[in-house]
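S.K.:
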Amino acid sequence: MSAQDIHLDTVLARGYQHGFVTDIESDTVPPGLDEETIRFISAKKKEPQFLLDWRLRALERWFTMKEPHWGKLKYKPIDYQAISYYSAPKAKTDGPKSLSEVDPKLLATYEKLGVPLHERARLAGVAVDAVFDSVSVATTFKDRLAAAGVVFCPFSEAVQTHPELVEQYLGTVVPYGDNFFAALNSAAFTDGSFVYIPPGVRCPMELSTYFRINAAKTGQFERTLIIADKGSHVSYLEGCTAPMRDENQLHAAVVELVALDDAQIKYSTVQNWYPGDEQGRGGIYNFVTKRGECRGRNSKISWTQVETGSAITWKYPSCVLRGENSVGEFYSVAVTNNYQQADTGTKMIHLGANTRSTIISKGISAGHAHNTYRGLVSVMPGATGARNFTQCDSLLIGGQCGAHTVPYIETRNPQAIVEHEASTSRIGEDQLFYCLQRGLSEEDAVNMIVSGFCRTVLKELPMEFAVEAQNLLAVSLEGAVG
Amino acid sequence: MNPSLLSIRNLHARVGDREVLRGIELDVPVGEVHAIMGPNGSGKSSLSNVLGGKPGYEVTAGTVTYRGRDLLAMAPEERAREGLFLGFQYPVEIPGVNNTYLLRAALNAARRHRGQPEVDAYDFLELVRARAQLMKLDESFLSRGVNEGFSGGEKKRNEILQMLVLEPVLAVLDETDSGLDIDALKVVADGINRQRSPERALVLVTHYQRLLDHVAPDRVHVLAGGRIVKSAGPELARELEQRGYDWLLEEAA
């Protein structure tokens, strides 16, 4: 091991800083998944019949499906019947109406995570819909959003207040039988976020949700549905941290985005779930289905993700470009270290004429980690004039890690233009020495080089998130000069 | 004679199994400009790299004293902060890292080391703009990635720009003149002359005489086979230009 590798162990493997467990009595069902569990969850949430029926159909389908193993991932079999499918912080009555009603311990947890709700909400003008385990406990800025006609609330609340929107859009982008994990989520999801932006409205603030996983052996099955009606704009931020623990935790979220004519959705994620320790013990298993549909003409969906956490990441935020002239974008930084494994990428499905997509993926591997980009660009016969540009760059740090690129390109339209560029490089000893010779510390030098490598993606992040992303990457971003 | 800023005694070093330096003796007094010349493979770049502390070079014998301290005991970044600057023969590209940002981080690292406050962004920009003008570098260079897509000549001028901003006590410039056309050579030479001062010293490592037409050295040393085989005044450079290196190598053998 060279001095450089040893150094990187300290920079990139700096101990996970969000490892703590808040002691709150959980209202947890016994482990196992069957019809009874689904009925329990649905009843607990006082759901309408259509939703229960939908969950039960998903469960039935899930029983017939097999866990997919095409990803370049190795992990011990998951016992789905050993997982508890519902856990909620104990509510005083029917849940808090304002911050003052929120359990102070919960708020303290957010403080430790650097999410001071009052502060952040007030100073940054960000509405935070904080998900603690499975039930949303605090929502802020609702009034201002309501004045603009924006609906931003926990999914379970939307089921009560806007059942017609939920029924109209739920499962239309990711059907319940889409894949094994999506089916599991559709049957057992407990909560998540719901957003509706009315026609012509530009959402007055960034919408932000912080996810936490807390109770032991509790799978997390979040469901997020965002609908941008004609001519509307919304930017949505998702940030994740989880407390340290020793056993693997399963997470299988589903995110559905719908953009109608001339609408734009920007969805940004900074993901920092517990990645396991230096030996690869523990850590979150993250099997996520994220998909957006540009349903209307001239619509645009943009995914930006900075992935630093989880032991296993299986995630392909995708765009279905149905509307004419619609645009899909995917900007990703995935960092894996120690024994982390990430199999991540995107799918761009071109259906409409003159649809365009851009994919920029930056993978960084260190330690014994494996980082795979897996992507699909598909151009269907109707997508005349479709264009795609893909760039996949991998940076290797040390000699034990791996980077893999698996791009699939299918085009059934002879006029489509699809470009793919890929590169793999090691963090250069020459680059490092150059910076040291100019007087920089090794840590600053590595941060600077990694940050430069990721720059094209990081600049896509909203300002609020850029700071968090920098911390996560242990990089110091470029200053005000230049 | 002024006191030595850099004093090298019996320096031996190797890369892997290959011995690249075999007993270097060199003194560079403060206020002077020394040229180190020699044929390809004589150890010129190895000497620069050992002084900078580049990984991969193992010092097997000898001492290097810089400003009265044991240079070899210092980490590369500490050497830099103590005012030792290496102008690279092949400056590396660092994509996505802003040229000005790196330079400001470098200057502030040295200032912190000296117990000075960090330079403020506005003052720094003024300073860099002025120096860039001297090096005839367009302002757009300042916001580009470090050496990213620069031509060979632009990279060399960028090295000199960095030197002029950092104002090192000892600058060791490794083949800074190679790959420059005559106009660029003049610009680079002007930059080097600007760096000359009674408080500083320069070591110019070069294969050819032509840089020395513009920057008059106080002493010229010839390096061959990992040793300094001849030291003399500036007239030696002209003699080498006329006679080549072979007669010296024969003399030394």
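So the protein lines, in turn, are chains W and R. Using my numbering, the letters of the first sequence correspond one by one to residues 251 to 732. Using my numbering, the letters of the second sequence correspond one by one to residues 118 to 370. Glycine included, each C-beta is placed from N, C-alpha and C at the ideal position.
Using a Cβ cut-off of 9 Å, which residues of the stretch 686–698 of chain W contact any Cβ in chain R, in chain order?
M.R.: L686, Q687, R688, G689, L690, S691, E692, D694, A695, M698
S.K.: Measure the CB-CB distance between G296 (chain R) and G270 (chain R) and report whether it falls below 8 Å.
M.R.: Position 179 of the second sequence, counting from 1, holds the residue named residue 296 (chain R). Position 153 of the second sequence, counting from 1, holds the residue named residue 270 (chain R). Cβ distance < 8 Å, so G296 (chain R) and G270 (chain R) count as in contact.
S.K.: Give a yes or no on whether the minimum CB-CB distance between F258 (chain R) and chain W is below 8 Å.
M.R.: Reading the second sequence from its first residue, position 141 is the one you call residue 258 (chain R). With 8 Å as the cut-off, F258 (chain R) does not count as an interface residue toward chain W.
S.K.: Should F471 (chain W) go down as buried or exposed, given a rule of 16 or more other Cβ atoms within 10 Å for buried?
M.R.: Translated into positions along the first sequence, residue 471 (chain W) becomes position 221. Buried, since its Cβ has 16 or more Cβ neighbours within 10 Å.
S.K.: If you compare alpha carbons, which of W:A408, W:I534, W:P327 is closest to E475 (chain W)?
M.R.: Here the question's residue 475 (chain W) lines up with position 225 in the first sequence. The question names Glu, yet the displayed sequence has Leu at residue 475 (chain W). Out of W:A408, W:I534, W:P327, W:A408 has the C-alpha closest to the C-alpha of L475 (chain W).
S.K.: Hey, is the stretch 255–273 of chain R in contact with the stretch 177–192 of chain R, meaning 3+ C-beta pairs nearer than 8 Å?
M.R.: no
S.K.: Under 8 Å, Cβ to Cβ, is there at least one residue of chain R near F639 (chain W)?
M.R.: Numbered from 1 along the first sequence, position 389 holds the residue referred to as residue 639 (chain W). No, F639 (chain W) does not count as interfacial toward chain R.
S.K.: Please list, in chain order, the chain R residues whose beta carbon lies closer than 9 Å to that of G648 (chain W).
M.R.: Locating residue 648 (chain W) in the first sequence gives position 398, where the first residue counts as 1. In chain order: nothing, as chain R lies at least about 15 Å away.
S.K.: Contact criterion: CB-CB distance below 8 Å. Does Y581 (chain W) meet it with respect to chain R?
M.R.: Taking the first sequence and counting its residues from 1, one reaches residue 581 (chain W) at position 331. No, because no Cβ of chain R sits closer than 8 Å to the Cβ of Y581 (chain W).
S.K.: Do you know offhand how far A440 (chain W)'s Cα is from R473 (chain W)'s?
M.R.: For this step, residue 440 (chain W) is matched to residue 190 along the first sequence. For this step, residue 473 (chain W) is matched to residue 223 along the first sequence. Checking the sequence, you will find Thr at residue 440 (chain W) rather than Ala. Computed Cα separation, rounded: 8 Å.
S.K.: Which residues of chain R have a Cβ atom closer than 7 Å to the Cβ of R705 (chain W), listed in chain order?
M.R.: On the first sequence, position 455 is the one that residue 705 (chain W) refers to. Result: G213.
S.K.: Kindly provide the ranges of any alpha helix (DSSP H) runs that are 4 or more residues long and lie completely inside the stretch 212–276 of chain R, ordered along the chain.
M.R.: 216–230, 238–251, 257–260
S.K.: Quick check: the stretch 540–549 of chain W against the stretch 498–508 of chain W, are at least 3 beta-carbon pairs closer than 8 Å?
M.R.: yes
S.K.: Measure the CB-CB distance between V337 (chain R) and A349 (chain R) and report whether it falls below 8 Å.
M.R.: To locate residue 337 (chain R), count along the second sequence from 1; it is residue 220. To locate residue 349 (chain R), count along the second sequence from 1; it is residue 232. Yes, they are a contact pair.
S.K.: DSSP beta-bridge partners for D144 (chain R)?
M.R.: Within the second sequence, the letter at position 27 stands for residue 144 (chain R). The secondary-structure analysis by DSSP pairs D144 (chain R) across a beta bridge with R:S124.
S.K.: Is the Cβ-Cβ distance between E669 (chain W) and T640 (chain W) less than 8 Å?
M.R.: On the first sequence, residue 669 (chain W) is found 419 positions in, with the first residue counted as 1. On the first sequence, residue 640 (chain W) is found 390 positions in, with the first residue counted as 1. For E669 (chain W) and T640 (chain W), yes; Cβs fall inside 8 Å.
S.K.: Taking the continuous beta strand (DSSP E) assigned at V577 (chain W), which residues delimit it?
M.R.: Taking the first residue of the first sequence as position 1, residue 577 (chain W) is located at position 327. Unbroken beta strand (DSSP E) run through V577 (chain W): 577–586.
S.K.: Mapping the DSSP letters down to three states, classify K294 (chain W) as helix, strand or coil.
M.R.: Here residue 294 (chain W) corresponds to residue number 44 of the first sequence, with the count starting at 1. In this structure, K294 (chain W) counts as helix in the three-state DSSP scheme.
S.K.: In the DSSP assignment, find the unbroken beta strand (DSSP E) run with G200 (chain R) in it and report its ends.
M.R.: Locating residue 200 (chain R) in the second sequence gives position 83, where the first residue counts as 1. Counting along the chain, G200 (chain R) falls outside any beta strand (DSSP E), and DSSP gives it neither H nor E.
S.K.: Taking the alpha-carbon positions, what's the W364 (chain R) to H129 (chain R) distance?
M.R.: For the purposes of this step, residue 364 (chain R) is identified with residue 247 of the second sequence, where counting begins at 1. For the purposes of this step, residue 129 (chain R) is identified with residue 12 of the second sequence, where counting begins at 1. Using only the alpha carbons, I get a separation of about 25 Å.
S.K.: Any idea which residues DSSP pairs W564 (chain W) with across the strands?
M.R.: Residue 564 (chain W) sits at position 314 when you count from the first residue of the first sequence. Answer is W:F537, W:D593.
S.K.: Do L357 (chain R) and Q312 (chain R) come within 8 Å of each other at the CB atom, strictly closer than that value?
M.R.: As a working note, residue 312 (chain R) is residue 195 in the second sequence. As a working note, residue 357 (chain R) is residue 240 in the second sequence. For Q312 (chain R) and L357 (chain R), no; Cβs fall outside 8 Å.
S.K.: So with CB distances below 7 Å, who are the chain R contacts of E679 (chain W)?
M.R.: Position 429 of the first sequence, counted from the first residue, corresponds to residue 679 (chain W). Within 7 Å Cβ-Cβ: P172.
S.K.: Could you tell me if S292 (chain W) is buried or exposed, where buried requires 16 or more neighbouring beta carbons within 10 angstroms of its beta carbon?
M.R.: For the purposes of this step, residue 292 (chain W) is identified with residue 42 of the first sequence, where counting begins at 1. Its Cβ being crowded by 16 or more others within 10 Å, S292 (chain W) is buried.
S.K.: I'd like the span of the alpha helix (DSSP H) that includes A432 (chain W), first residue to last.
M.R.: Stepping through the first sequence from its first residue, residue 432 (chain W) is reached at position 182. Note, A432 (chain W): alpha helix (DSSP H), 430–438.
S.K.: For N374 (chain R) versus V263 (chain R), is the C-beta distance shorter than 8 Å?
M.R.: Not covered by the structure: residue 374 (chain R). The range shown for chain R is 118 to 370.
S.K.: According to the Cβ coordinates, are M154 (chain R) and G204 (chain R) closer than 8 Å?
M.R.: Here residue 154 (chain R) refers to the residue found at position 37 of the second sequence. Here residue 204 (chain R) refers to the residue found at position 87 of the second sequence. No, they are not a contact pair.
S.K.: Answer with yes or no whether the minimum CB distance from G702 (chain W) to chain B is below 8 Å.
M.R.: Note that chain B does not occur in the displayed structure, where the protein chains are W and R.
S.K.: Could you list the residues in the stretch 177–199 of chain R with a C-beta less than 7 Å from some C-beta on chain W, going in chain order?
M.R.: P193, E194, A197, R198
S.K.: Run through DSSP, which three-state label would V322 (chain R) get?
M.R.: Along the second sequence, one-based indexing puts residue 322 (chain R) at 205. If DSSP states are grouped into helix, strand and coil, V322 (chain R) belongs with the strands.
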